[in-house]
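For reference, the structure discussed in these notes is given below.
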Amino acid sequence: MKRNKHTRFRLLCFALLTGYLSFGCQKEAKWIVLDETDQGKELVSRIFIDSVWAGHPVGFSLLTSGDRQYIAYYDKNRYMTVGQRNLTDSAFSLHTLPVFDREEGAGTSTILNWDSHNSVTLGIDKEGYLHLSGNMHVHPITYFRSEVAHDISTLVQHTSMVGTNEQRCTYPHFLTNREGELLFHYRDGGSGNGNEIYNLYDTQTKQWRRLLDTPLTDGQGLMNAYASQPKLLEDDWYHMYWVWRDTPDCETNHDLSYIKSPDLVNWYDAFGDPVSLPVTFDQKSVIVAPIPTGGGIINLAARLVLDEQFSPIMAFHKYDEAGNLQLYVTWLEGRSWKTKQVTDWDYRWEFSGRGTIVFEVKLGTFVRRPDGRYELGYEHIKYGRGTLLLDKGLNPVGEVNKPAALIEQVSLEGSFPGLEIRSTSDLGASNDGYRYLLKWETLPQNRDRPYPEPWPGPSALYLYVIE
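Heads up: the sequence shown runs through residues 53 to 519, numbered per this note's numbering.
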């Protein structure tokens, strides 16, 4: 997507009517343009890793821990593969996990099909043991743990973690709390009918247990929550948000919601009131924006930042009164959320149906600048890529010209029609001062269905080293 240096925003004016911010007027005003294009990162080197499947996209994993680096991906044969290196090494040591299909693996498998949900992800515990999960979309839990610390080649499959609610798993994620303990998060159930489950790992007993006595969210058989990972922010609290979805049709997303916690066990709404678990749709105090089904919000189409008083501010997209998709921001005033439209786009992204879709609009980063103003990034099929500048009152007052992302400066290597560049950032952090990412090429999403042959040949998987 090409950078749009002259974004087509106009300053929006709003009138406060009956407690809601309504469109009032639209006028041209002095538009601030901040040029930060000289703040880009530099590519230091790249390391060829392997040849990988290019027929459709699926998530790979890169995890740097201290002076070691670990990867998990699907190779050119679509077999689940792992690797590791010391940061001073010029190549990865690779290891293909035991190859088995779902019939052989009692519903689990290390062979990728055509489902773009079936990413693979890594975690590392306090003792240095590696954990891997992936290739699940409403499948039995697929989980491996290393038998030797810091040695990914010793991964061995374990057919359960806790033993219950592990037959219909999707969206595996490992995360680490402030105490350095490893947690595992996944969805139990299907789209439109699922719960959010969190497990905690004990390095002494080498056993998992439930973090909570109940699921964190429960759709009660009527819906499920598409939730962000809890994130520890500068107030030293964990924050998370989600949208509810009624069916596998992505059009049925609705009601952006939010909770926070000091310890991942006790949860509160934005107003500081305790929230009983599991969180269900009838707990209205957690709803940030009451967007109806068909209202223009997609899975996780929101971003969260804290203001200078550590109060949450959220950005999201939905349809305006004319039916066009717009960006909005919402913040707390007393016991209610106030919402403001910050774009004036003349375009409607109409999304619906099942499977992995191609996104026409994406939210980028949402951050508070050192001067108290805010930046809200976006990618748009019509208006390009840009970063909106908001003042302290969350009014759009300009734009920030950012350097092109490093991955945008990389040339496509493959010649097969339709190939696109994929990348994944580092789940961990290095001790050598460099940043790392993985890069490869695939065809776009196809709603989890096979493309007709011919298919592209293998793509090169690289590690990029960035200064």
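A virtual CB, placed ideally from N, CA and C, is assigned to each residue, including glycine.
| With 16 as the cutoff for other CB atoms within 10 Å, does Glu-248 come out buried or exposed? | Reading the sequence shown from its first residue, position 196 is the one you call residue 248. The residue is buried, with at least 16 neighbouring Cβ atoms inside 10 Å.
| query | Going by beta carbon distance, what residues of the same chain come within less than 6 Å of Trp-289, once the five residues before and after it are set aside? | reply | Here residue 289 refers to the residue found at position 237 of the sequence shown. Listed in chain order, the non-local C-beta contacts of Trp-289 below 6 Å within the same chain comprise Lys-312 and Pro-314, local neighbours out to five positions each way being set aside.
| query | Can you give, in chain order, each stretch of the alpha helix (DSSP H) that sits fully within the segment 88-115 and has at least 4 residues? | reply | none
| Spatial neighbours of Tyr-250 in its chain, beta-carbon cut-off 8 Å, leaving aside the 5 residues before and after | Taking the first residue of the sequence shown as position 1, residue 250 is located at position 198. Here the set comprises Leu-235, Phe-236, His-237, Arg-262, Leu-263, Leu-264, Leu-268 and Leu-316.
| message | Can you give me the C-alpha to C-alpha distance between Glu-431 and Leu-379, rounded to a whole angstrom? | response | Taking the sequence shown and counting its residues from 1, one reaches residue 431 at position 379. Taking the sequence shown and counting its residues from 1, one reaches residue 379 at position 327. In a straight line, the C-alpha of Glu-431 is about 11 Å away from that of Leu-379.
| query | What residue range is occupied by the uninterrupted beta strand (DSSP E) comprising Phe-418? | reply | One-based indexing of the sequence shown puts residue 418 at position 366. Element bounds for Phe-418: 413-420.
| task | In the DSSP assignment, find the beta strand (DSSP E) that holds Asp-307 and state where it starts and stops. | result | Numbered from 1 along the sequence shown, position 255 holds the residue referred to as residue 307. Where Asp-307 is concerned, the enclosing beta strand (DSSP E) stretches over 305-313.
| request: Express the C-alpha separation of Gly-480 and Asp-119 in angstroms, rounding to a whole number. | output: Looking up residue 119 in the sequence shown gives position 67. Looking up residue 480 in the sequence shown gives position 428. Those two C-alpha atoms are separated by around 11 Å.
| field | Candidates Asn-447, Gln-136 and Trp-507, of which the one nearest Phe-468 by Cα | value | In the sequence shown, residue 468 corresponds to position 416, counting from 1. Answer by Cα proximity: Trp-507.
| query | Among Ile-433, Arg-387 and Pro-422, which has the Cα closest to the Cα of Trp-397? | reply | Position 345 of the sequence shown holds residue 397. Comparing Cα-Cα distances from Trp-397 to each of Ile-433, Arg-387 and Pro-422, the minimum goes to Ile-433.
| message | Within a Cβ cutoff of 8 Å, which residues of the same chain sit near Ile-543, ignoring the five residues on either side of it in sequence? | response | For residue 543 there is no data in the structure shown, the boundaries of the chain being 53 and 519.
| When His-291, Arg-230, Ala-277 and Tyr-195 are compared against Gln-259, the one with the closest alpha-carbon | Your numbering for residue 259 matches position 207 in the sequence shown. The residue with the shortest Cα to Cα distance from Gln-259 is Tyr-195.
| task | Could you name the residues of the same chain whose beta carbon sits closer than 7 Å to that of Ile-350, not counting the 5 residues immediately before and after it, in chain order? | result | Residue numbering aside, residue 350 sits at position 298 when the sequence shown is read from its first letter. Contacts found: Cys-302, Asn-305 and Phe-403.
| message | From the DSSP secondary-structure annotation, give me the bridge partner or partners of Cys-221. | response | The residue given as residue 221 occupies position 169 in the sequence shown. Paired residue(s): His-191 and Asp-240.
| query | Is the distance from the Cβ of Tyr-514 to the Cβ of Phe-100 below 8 Å? | reply | Here residue 514 is taken as the residue at index 462 of the sequence shown, counted from 1. Here residue 100 is taken as the residue at index 48 of the sequence shown, counted from 1. Yes, they are a contact pair.
| query | Hey, quick one: how far does the beta strand (DSSP E) through Gln-378 stretch, first residue to last? | reply | Position 326 of the sequence shown, counted from the start, is the residue given in the question as residue 378. 377-385 is the span of the beta strand (DSSP E), which, as asked, contains Gln-378.
| said: According to DSSP, Asn-276 sits in a beta bridge with which residue or residues? | reply: By 1-based counting over the sequence shown, the position of residue 276 is 224. Under DSSP, the beta-bridge partners assigned to Asn-276 are Arg-297.
| message | Please classify Leu-446 as buried or exposed, where buried requires at least 16 neighbouring CB atoms within 10 angstroms. | response | For the purposes of this step, residue 446 is identified with residue 394 of the sequence shown, where counting begins at 1. Under this definition Leu-446 is a buried residue.
| Inter-residue CB distance, Thr-566 and Gly-244 (contact presumed, cutoff 8 Å) | There is no way to answer for residue 566, as the model of the chain reaches only from 53 to 519.
| How big is the Cα-Cα spacing for Val-462 and Pro-109? | For the purposes of this step, residue 462 is taken as residue 410 along the sequence shown, with counting starting at 1. For the purposes of this step, residue 109 is taken as residue 57 along the sequence shown, with counting starting at 1. C-alpha separation (whole angstroms): 18 Å.
| query | Should Val-340 and Tyr-310 be called a contact, given that it needs their Cβ atoms to be closer than 8 Å? | reply | Numbered from its first residue, the sequence shown carries residue 340 at position 288. Numbered from its first residue, the sequence shown carries residue 310 at position 258. Their beta carbons are under 8 Å apart, which means Val-340 touches Tyr-310 by this criterion.
| request: Could you say if the segment 205-221 and the segment 165-179 meet the contact criterion of at least three C-beta pairs nearer than 8 Å? | output: no
| query | Thinking C-alpha only, which one of Leu-441, Leu-352 and Thr-476 is nearest Tyr-278? | reply | Within the sequence shown, the letter at position 226 stands for residue 278. Ranking Leu-441, Leu-352 and Thr-476 by Cα distance to Tyr-278 puts Leu-352 first.
| request: Mark Ser-363 as exposed unless 16 or more other C-beta atoms lie within 10 angstroms of its C-beta, in which case mark it buried. | output: Here residue 363 corresponds to residue number 311 of the sequence shown, with the count starting at 1. So Ser-363 ends up on the exposed side.
| query | What number of angstroms, rounded off, separates the C-alpha of Lys-414 from the C-alpha of His-291? | reply | Here residue 414 refers to the residue found at position 362 when the sequence shown is read from its first residue. Here residue 291 refers to the residue found at position 239 when the sequence shown is read from its first residue. C-alpha separation (whole angstroms): 21 Å.
| query | Under the three-state reduction of DSSP, which class applies to Leu-234: helix, strand or coil? | reply | Here residue 234 is taken as the residue at index 182 of the sequence shown, counted from 1. Strand, per DSSP.
| said: Just list the residues that DSSP pairs Asp-127 with in beta bridges. | reply: Residue mapping note: residue 127 aligns to position 75 of the sequence shown, counting from 1. Answer is Val-104.
| Cα-Cα, which of Trp-105, Gly-111 and Thr-140 is closest to Gln-121? | Along the sequence shown, one-based indexing puts residue 121 at 69. It is Thr-140 whose Cα lies nearest to the Cα of Gln-121.
| message | Contact defined as beta carbons within less than 8 Å: I believe Leu-184 pairs with Val-134. What is the distance between those atoms, to the nearest angstrom? | response | Here residue 184 is taken as the residue at index 132 of the sequence shown, counted from 1. Here residue 134 is taken as the residue at index 82 of the sequence shown, counted from 1. That pair is a contact at about 7 Å.
| message | What does the Cβ neighbour count give for Gly-405, buried or exposed, with the cut at 16 atoms within 10 Å? | response | To locate residue 405, count along the sequence shown from 1; it is residue 353. The residue is exposed, with fewer than 16 neighbouring Cβ atoms inside 10 Å.
| field | Where Gln-361 sits in the DSSP three-state scheme | value | Here residue 361 is taken as the residue at index 309 of the sequence shown, counted from 1. Here Gln-361 sits in coil by DSSP.
| message | Need the endpoints of the beta strand (DSSP E) that Gly-466 sits in, please. | response | Indexing the sequence shown from 1 puts residue 466 at position 414. Where Gly-466 is concerned, there is no enclosing beta strand (DSSP E), given that its DSSP letter is neither H nor E.
| said: For a quick check, are the C-beta atoms of Leu-495 and Gly-107 less than 8 Å apart? | reply: By 1-based counting over the sequence shown, the position of residue 495 is 443. By 1-based counting over the sequence shown, the position of residue 107 is 55. Cβ distance < 8 Å, so Leu-495 and Gly-107 count as in contact.
| task | Using three-state DSSP, classify Gln-461 as helix, strand or coil. | result | Position 409 of the sequence shown, counting from 1, holds the residue named residue 461. Correct three-state label for Gln-461: helix.
| request: For the beta strand (DSSP E) holding Glu-431, just list the boundary residues, first then last. | output: Numbered from its first residue, the sequence shown carries residue 431 at position 379. 426-432 is the extent of the beta strand (DSSP E) around Glu-431.
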